[in-house]
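Visitor: Residue numbers (numbering that gives the first Met the number 0), protein chains in the order written: chain A, 0 to 256; chain B, 0 to 185; chain C, 0 to 421. From the three backbone atoms N, C-alpha and C, an ideal C-beta is built for every residue, glycine too. My questions all concern the structure below.
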Amino acid sequence: MLRFRNLLGALVLGAGALLSAAPARAAGEAVAIPDTRFSFDGIFGTFDRASLQRGFQVYKEVCSACHSMHLLSYRNLLEIGFTGDQARALAAQFQVMDGPNDQGEMFERPARLSDRFRRPFPNDQAARAANNGALPPDLSVIVKARPGGADYIHALLTGYSDPPEGFQLGQGMNYNKYFPGHQIAMPNVLNPGQVQFADGTEGSVENMAHDVSSFLAWAAEPELEQRRRMGVRIILFLVVIGGLTYAVKRKVWADVH
Amino acid sequence: MAEAVVSHGTAPEGGAKETRRDFLKLTAGAFAAVGVGAVVWPFIHSMNPARDVLALASTEVDLSPIATGQAVTVMWRGKPVFVRNRTPQEIEQARAVPLGELRDPQPDQARVQRDNWLVVLGVCTHLGCVPLGQKPTDARGEYGGWFCPCHGSHYDTSGRIRRGPAPLNLEVPTYTFTSDTQIRIG
Amino acid sequence: MAGLHQSDFKNPVVRWIDTRLPVFTLLQKEYGTFPTPRNFNYLWNFGALAIVNLLIMIATGVFLSMNYTAHTAYAFDSVERIMRDVNYGWLLRYVHSNGASMFFIVVYIHIWRGLWYGSYKAPREILWMLGVVIFLLMMATAFMGYVLPWGQMSFWGATVITNLFSAFPLVGQHIVTWLWGGFSVDNPTLNRFFSLHYLLPFVIFGVVFLHIAALHITGSNNPLGIDPKGPQDTLPFHPYYTIKDSVGLIVYFIVFAVLVFFAPNYLGHPDNYIPANPLQTPEHIVPEWYFLPFYAILRAVPDKLGGVLLMFGSIAILFILPWLDTSGVRSMRFRPIARWFLLLWGLNFLLLMWAGGKPAEGIYVTIARLATVYYFLYFLVILPLLGRLERPLKLPESIAAPVLRGGGPVPAGAAAKPMEKA
Numbered sequence: 000m001l002r003f004r005n006l007l008g009a010l011v012l013g014a015g016a017l018l019s020a021a022p023a024r025a026a027g028e029a030v031a032i033p034d035t036r037f038s039f040d041g042i043f044g045t046f047d048r049a050s051l052q053r054g055f056q057v058y059k060e061v062c063s064a065c066h067s068m069h070l071l072s073y074r075n076l077l078e079i080g081f082t083g084d085q086a087r088a089l090a091a092q093f094q095v096m097d098g099p100n101d102q103g104e105m106f107e108r109p110a111r112l113s114d115r116f117r118r119p120f121p122n123d124q125a126a127r128a129a130n131n132g133a134l135p136p137d138l139s140v141i142v143k144a145r146p147g148g149a150d151y152i153h154a155l156l157t158g159y160s161d162p163p164e165g166f167q168l169g170q171g172m173n174y175n176k177y178f179p180g181h182q183i184a185m186p187n188v189l190n191p192g193q194v195q196f197a198d199g200t201e202g203s204v205e206n207m208a209h210d211v212s213s214f215l216a217w218a219a220e221p222e223l224e225q226r227r228r229m230g231v232r233i234i235l236f237l238v239v240i241g242g243l244t245y246a247v248k249r250k251v252w253a254d255v256h
Numbered sequence: 000m001a002e003a004v005v006s007h008g009t010a011p012e013g014g015a016k017e018t019r020r021d022f023l024k025l026t027a028g029a030f031a032a033v034g035v036g037a038v039v040w041p042f043i044h045s046m047n048p049a050r051d052v053l054a055l056a057s058t059e060v061d062l063s064p065i066a067t068g069q070a071v072t073v074m075w076r077g078k079p080v081f082v083r084n085r086t087p088q089e090i091e092q093a094r095a096v097p098l099g100e101l102r103d104p105q106p107d108q109a110r111v112q113r114d115n116w117l118v119v120l121g122v123c124t125h126l127g128c129v130p131l132g133q134k135p136t137d138a139r140g141e142y143g144g145w146f147c148p149c150h151g152s153h154y155d156t157s158g159r160i161r162r163g164p165a166p167l168n169l170e171v172p173t174y175t176f177t178s179d180t181q182i183r184i185g
Numbered sequence: 000m001a002g003l004h005q006s007d008f009k010n011p012v013v014r015w016i017d018t019r020l021p022v023f024t025l026l027q028k029e030y031g032t033f034p035t036p037r038n039f040n041y042l043w044n045f046g047a048l049a050i051v052n053l054l055i056m057i058a059t060g061v062f063l064s065m066n067y068t069a070h071t072a073y074a075f076d077s078v079e080r081i082m083r084d085v086n087y088g089w090l091l092r093y094v095h096s097n098g099a100s101m102f103f104i105v106v107y108i109h110i111w112r113g114l115w116y117g118s119y120k121a122p123r124e125i126l127w128m129l130g131v132v133i134f135l136l137m138m139a140t141a142f143m144g145y146v147l148p149w150g151q152m153s154f155w156g157a158t159v160i161t162n163l164f165s166a167f168p169l170v171g172q173h174i175v176t177w178l179w180g181g182f183s184v185d186n187p188t189l190n191r192f193f194s195l196h197y198l199l200p201f202v203i204f205g206v207v208f209l210h211i212a213a214l215h216i217t218g219s220n221n222p223l224g225i226d227p228k229g230p231q232d233t234l235p236f237h238p239y240y241t242i243k244d245s246v247g248l249i250v251y252f253i254v255f256a257v258l259v260f261f262a263p264n265y266l267g268h269p270d271n272y273i274p275a276n277p278l279q280t281p282e283h284i285v286p287e288w289y290f291l292p293f294y295a296i297l298r299a300v301p302d303k304l305g306g307v308l309l310m311f312g313s314i315a316i317l318f319i320l321p322w323l324d325t326s327g328v329r330s331m332r333f334r335p336i337a338r339w340f341l342l343l344w345g346l347n348f349l350l351l352m353w354a355g356g357k358p359a360e361g362i363y364v365t366i367a368r369l370a371t372v373y374y375f376l377y378f379l380v381i382l383p384l385l386g387r388l389e390r391p392l393k394l395p396e397s398i399a400a401p402v403l404r405g406g407g408p409v410p411a412g413a414a415a416k417p418m419e420k421a
């Protein structure tokens, strides 16, 4: 019996070791991504609303020129702490396509809360045509879609530099330390002071990258806080009922052993 | 049971054991029941309207092309909304009715924001059919409003139920006049 | 004419139903008083856990399908809408996607238990074979389910796996075209996969019923692998094993909850959050972790048809396992040599799983080949030979004897007690 338990333990450990190797395989040959400290790290982490709002501002003023986030709606801004009026005002800054109207024509109008985030290009072909043949990916779930998640986004945004001696950079490409293959079509878009934050936070590249990474992490997993809160409660509940059940089991089996 | 207890030792101890086991069983059972109950809710709630459904797009209606005596039907929340530009006679007719005669008593003034514009959900309060009366050629029923062909409910020029099986007046949605010639429903 | 059933139930309503349709008698017989070996360890929980897991998958699946759109243009976004806008949609989806992983963990342990204690041996051959059928159906269901979110891994997994059938000479390409309903994995493929993904769990449910029916004919095996010789060797299923299964169930729920609430995408692949793109294959395409051992066997063979046949063979071989193992002793506890070979086989299976997740090049291929050879060697050579060559340890007299060891002679009352309870 005892020996068998050991065997089982070894198997479980073995399986665990295998599975933990899984993320490594996906990272491929890319440089190790530095670990950034985010407020939502760890199992009890939550989003920093001020950071998310600043991150949205960075997205709005910088990223949204090329990248869509078509899974998000302006109403979602209420979830990161904007008031209804603020969110309505932010939405109204964008013109979205609506229609057809009674004349059968499409028309533009200011966005409402129920509208999806405006797409910068009408379709993928237009996006490629405007971007030297490269398609800027939709950012709605980018943090879930990249190994390393928010850490990777942060590293990528701060990883631009001149190529090392002898590195052959393709036409229209940019060198980035953390992009797989180091050649990325996206230029370095964050420059110091580019975004003026209303709350007085310094518009440094580091701050902008950090905030927009947080914002994208929230956009990819808006359920994260609710999920973790619920998880803690459910596991506590299970531990208690598990103890009770085990006690009942001991009692039931007492006269057999 | 009793024999099993006796074989374990003296009776008083055994009795205490039994009580404790029952208590444990009850507690564990109660916890399990709470757990099952808590599990059922997410399944049920997932069938309620989702957040994107609740954040409905509101519908805007341009009133300028609707001449007096005409009506248009617009879609809102997947249902028809009747917008009618009533004639003075129709308004008069609606306001002349004593409230006591009505099945669902409501003065016409409480059902409109501007006298000539009547905005109601085009859904019969009986079983959800769309009443006739929007087109000039439609049957409008005996009270000049709408007539539901499914089970014969008659509505008046204020959309109030007058005859037939429907229990309530046609529902008035929330809407606001954004200008003199435009309303936003929802 | 058949007569009414003679019901022993006192409650008049229960009795009224039971005399006409003896479901209560049946339940009482199969799950109440059902004589069950008294010496199960916690590995015997996993059958019950698998049933619970199947029910969880069906329940969450039914509710997810209410919000899912099986169309290439909408599938990805409809899944994300479930995650964002549907009330508790994220919970249903993460329970369903991680539930698939939990299901395979549970079933792999369940199979391992069967291998270790010889549960496949006479008279439980059909019980075992039905289990293998369930396993195959599970793999088909899981594969098609993974296609539904229509991410990059969905699309390319579907492409690669359906292309397996092109390995068959002459008819291969026709089969693949038929599977796709077109000339590539596309909307018709997605639609039929959704239909079958909804259907197969109910087929699994039916086979599970047969699996349990067969189990209740032969009775359960036990860690000693010897048959119960009388009432002193068994306990009524309720309350002894209902409560023991409940303990295991809660531990299982805790592991499940940790995955769902704190690492919901840990066992998934980031590429599946990129919408399917038929023009670009991801750099490393890997199946879900539970398919990796078989994927490794597929890639270990340099010949296309050979790889496919060997992969299918690696599961088909389980069907004839009851006849490959020639030893009359069931439990590895009494097989001093075979247990080391089986343990090695288990580690070898994990090694294949690891190799399946690595790129198909260099040392990984060599490892996968060696592991593949041992996978088959164990079944085809080692087990048949060991049955003749190995000298098993002495089997105990009865199940009750070692359970009550150390207590001296068995008191008559102790052995009789379970009967009184029943």
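(1) In terms of residue numbering, what span does the alpha helix (DSSP H) encompassing alanine 70 of chain B cover?
(2) Name the chain C residues whose beta carbon is nearer than 7 Å to that of serine 45 of chain B?
(3) Can you pull the chain A residues whose beta carbon is under 8 Å from the beta carbon of threonine 18 of chain B, in chain order?
(4) Please tell me whether phenylalanine 30 of chain B has its Cβ less than 8 Å away from any Cβ of chain A.
(5) Let me make sure I understand the geometry here. Which of A:Tyr73, A:Arg127 and A:Ala86 has the alpha-carbon closest to that of glycine 114 of chain A?
(6) Can a CB atom of chain A be found closer than 8 Å to the CB of serine 245 of chain C?
(7) With burial defined as no fewer than 16 other Cβ atoms inside 10 Å of the residue's Cβ, what is the status of valine 146 of chain C: buried or exposed?
(8) Name the DSSP beta bridge partners of threonine 241 of chain C, please?
(9) Using the C-alpha atoms, what's the distance from arginine 226 of chain A back to phenylalanine 43 of chain A?
(10) Compare the C-alpha of leucine 426 of chain C against each of C:Pro391, C:Phe201, C:Tyr107 and C:Asn38 and name the closest.
(11) Quick check on the burial criterion: 16 or more other C-beta atoms within 10 angstroms. Buried or exposed for tyrosine 460 of chain C?
(12) Kindly indicate which three-state DSSP category phenylalanine 39 of chain C falls into: helix, strand or coil?
(13) Rounded to whole angstroms, what's the CA-CA distance from lysine 357 of chain C to isoleucine 316 of chain C? Just pull it up for me.
(14) Within the stretch 39-103 of chain C, note down every full alpha helix (DSSP H) run reaching 4 residues or more, in order along the chain.
(15) With DSSP collapsed to three states, give me the class of valine 234 of chain C.
(16) DSSP has methionine 105 of chain A in a bridge; who is on the other side?
(17) Within the stretch 269-350 of chain C, note down every full alpha helix (DSSP H) run reaching 4 residues or more, in order along the chain.
(18) Say whether the stretch 131-140 of chain C touches the stretch 243-256 of chain C, bearing in mind that this needs 3 or more beta-carbon pairs closer than 8 Å, one atom from each stretch.
(19) When you compare the CB of aspartate 21 of chain B with every CB in chain C, is at least one pair closer than 8 Å?
(20) Out of curiosity, what's the CA-to-CA distance linking proline 119 of chain A and asparagine 75 of chain A?
(21) In whole angstroms, what is the alpha-carbon distance linking valine 251 of chain A and isoleucine 242 of chain C?
(22) I'd like to check one pair, asparagine 97 of chain C with asparagine 47 of chain B: are the Cβ atoms closer than 8 Å?
(23) Candidates C:Thr365, C:Val285, C:Phe154 and C:Leu379: which alpha carbon is nearest leucine 312 of chain C's?
(24) Quick check on glycine 150 of chain C: does DSSP put it in helix, strand or coil?
(25) Report buried or exposed for glutamate 287 of chain C, applying the criterion of at least 16 other Cβ atoms within 10 angstroms of its Cβ.
(26) Return the chain-ordered list of same chain residues with a C-beta closer than 7 Å to the C-beta of alanine 91 of chain A, the five sequence neighbours on each side being excluded.
(27) Whose CA, out of C:Phe8, C:Pro11 and C:Thr18, lies closest to the CA of glycine 2 of chain C?
(28) Under 8 Å, do leucine 55 of chain B and glycine 185 of chain B count as touching if we go by C-beta distance?
(29) Less than 8 Å between CB atoms is the rule here; does methionine 65 of chain C satisfy it with respect to chain B?
(30) Comparing the C-beta of alanine 54 of chain B with each C-beta of chain A, is any distance below 8 Å?
(31) Listing by chain order, which chain A residues have their CB less than 7 Å from the CB of lysine 24 of chain B?
(32) Cβ of threonine 180 of chain B less than 8 Å from any chain C Cβ?
(33) Look up aspartate 210 of chain A in the DSSP assignment and give the residues it is bridged to.
(34) Could you name the residues of the same chain whose beta carbon sits closer than 6 Å to that of asparagine 44 of chain C, not counting the 5 residues immediately before and after it, in chain order?
(35) Alpha carbon to alpha carbon, what distance is there between proline 321 of chain C and phenylalanine 340 of chain C?
(36) Provide the residue(s) that pair with glutamate 59 of chain B in DSSP beta bridges, ordered along the chain.
Guide: Short version:
(1) Unbroken run through alanine 70 of chain B is the beta strand (DSSP E), 70-75; no alpha helix (DSSP H).
(2) Phe62, Val85, Asn86, Tyr87, Gly88 and Leu91
(3) Chain A residues near threonine 18 of chain B: none, gap ~11 Å exceeds 8 Å.
(4) It does: the Cβ of phenylalanine 30 of chain B has a partner Cβ on chain A nearer than 8 Å.
(5) In the sequence as presented, glycine is not what sits at residue 114 of chain A; that position holds aspartate. Closest by alpha carbon: A:Tyr73.
(6) yes
(7) buried
(8) Per DSSP, threonine 241 of chain C has no beta bridge partner at all.
(9) One Cα belongs to phenylalanine 43 of chain A, the other to arginine 226 of chain A, and the distance between them is close to 10 Å.
(10) In the structure displayed, chain C extends from 0 to 421; residue 426 of chain C sits before or after that span and is not available.
(11) The question about residue 460 of chain C has no answer, for chain C in this structure spans 0 to 421.
(12) coil
(13) Looking at the two C-alpha atoms, the distance is approximately 25 Å.
(14) 45-64 and 74-83
(15) Here residue 234 of chain C turns out to be leucine, not valine, going by the sequence shown. It is a strand residue.
(16) Looking at the DSSP assignment, methionine 105 of chain A forms no beta bridge with any residue, so it has no partner.
(17) 291-299, 303-318 and 320-323
(18) No: fewer than three Cβ pairs fall under 8 Å.
(19) No - not a single Cβ of chain C is within 8 Å of the one on aspartate 21 of chain B.
(20) 19 Å
(21) 8 Å
(22) If you check the CB distance, asparagine 47 of chain B and asparagine 97 of chain C do not come in under 8 Å.
(23) Rather than leucine, the amino acid found at residue 312 of chain C in this sequence is glycine. Comparing Cα-Cα distances from glycine 312 of chain C to each of C:Thr365, C:Val285, C:Phe154 and C:Leu379, the minimum goes to C:Leu379.
(24) Glycine 150 of chain C: strand per DSSP, three-state reduction.
(25) buried
(26) Pro109 and Ala110
(27) C:Thr18
(28) Yes, the pair counts as a contact, with Cβ atoms nearer than the cut-off.
(29) Using beta-carbon distances, methionine 65 of chain C counts as an interface residue toward chain B, with a partner under 8 Å.
(30) yes
(31) Under the 7 Å cutoff, chain A gives Val247.
(32) no
(33) According to DSSP, which records beta bridges pairwise, aspartate 210 of chain A is partnered with nothing at all.
(34) Asp244 and Gly247
(35) 17 Å
(36) Partner(s): B:Arg183.
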